[in-house]
Amino acid sequence: MTYALAYVATALTFLVLDFIWLGYVAKPLYQQEIGPLLLEKFNVAAAVGFYLVFIAGVVIFAVAPALQGGTWRTALLYGALFGFFAYATYDMTNLATLQGWSPTVTVVDIAWGTFLTGTAAVAGYSVTRTLAGA
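The sequence shown lines up with residues 1 to 134 when you count with full-length UniProt numbering.
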């Protein structure tokens, strides 16, 4: 039950922040820098798959270690590192293989993924620690 709560808290934080980022804050940047590469309508199944798998990774690699004897700083560090490595893999691969992929988007997206994942991990840890006493 503890990890289910951690998953839900992490997911809600991640989804809300990413929705604001992708839908409002960074949308003009993405349209300007990689507009021709963007789909008219995003692929819902792929997005759901990403979020389900990625959030599981955040809980396994960042929230769980913090709950098992760490602190919120553990969640922040491991979450930020997980986000950095995952987003860097995606963005650097795109930069290496896609014609028209933007170096600016690469830098901004890696920074965002690092911040977002660290923040979501801290939220998942904090909510779980508070509500489940874990």
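All C-beta atoms, glycine included, are put in the ideal place defined by N, C-alpha and C. Note that the structure is predicted; figures quoted are calculated from it, not measured.
Residue i vs residue j beta-carbon contact at 7 Å
i	j	result
Thr-2	Ala-120	no
Thr-117	Phe-82	yes
Ile-60	Tyr-87	no
Ala-62	Tyr-51	no
Ser-102	Ile-34	yes
Leu-5	Ala-132	yes
Thr-71	Pro-65	no
Leu-104	Asp-91	Position check: residue 104 holds Thr in this sequence, whereas Leu was assumed. For Thr-104 and Asp-91, no; Cβs fall outside 7 Å.
Buried versus exposed, by CB contacts within 10 Å (16 or more), residue i
i	result
Leu-38	exposed
Leu-125	Per the sequence shown, the amino acid found at residue 125 is Tyr instead of Leu. With 16 or more other Cβ atoms within 10 Å, it is buried.
Val-16	exposed
Leu-67	buried
residue 135	The structure shown does not extend to residue 135, since the chain is modelled only from 1 through 134, so no value can be given for it.
Contacts around residue i, its chain only, beta-carbon distance under 6 Å, and the 5 residues preceding and following it disregarded
i	result
Thr-13	Ala-120 and Ala-123
Cβ neighbours of residue i in the same chain (closer than 7 Å, five flanking residues each side left out)
i	result
Ala-80	Thr-114, Thr-117 and Gly-118
Residue range of the alpha helix (DSSP H) that includes residue i
i	result
Thr-27	Sequence inspection shows Lys at residue 27; the Thr mentioned does not correspond to that position. Note, Lys-27: alpha helix (DSSP H), 27-34.
Ser-126	103-132
Thr-13	2-20
Leu-81	72-97
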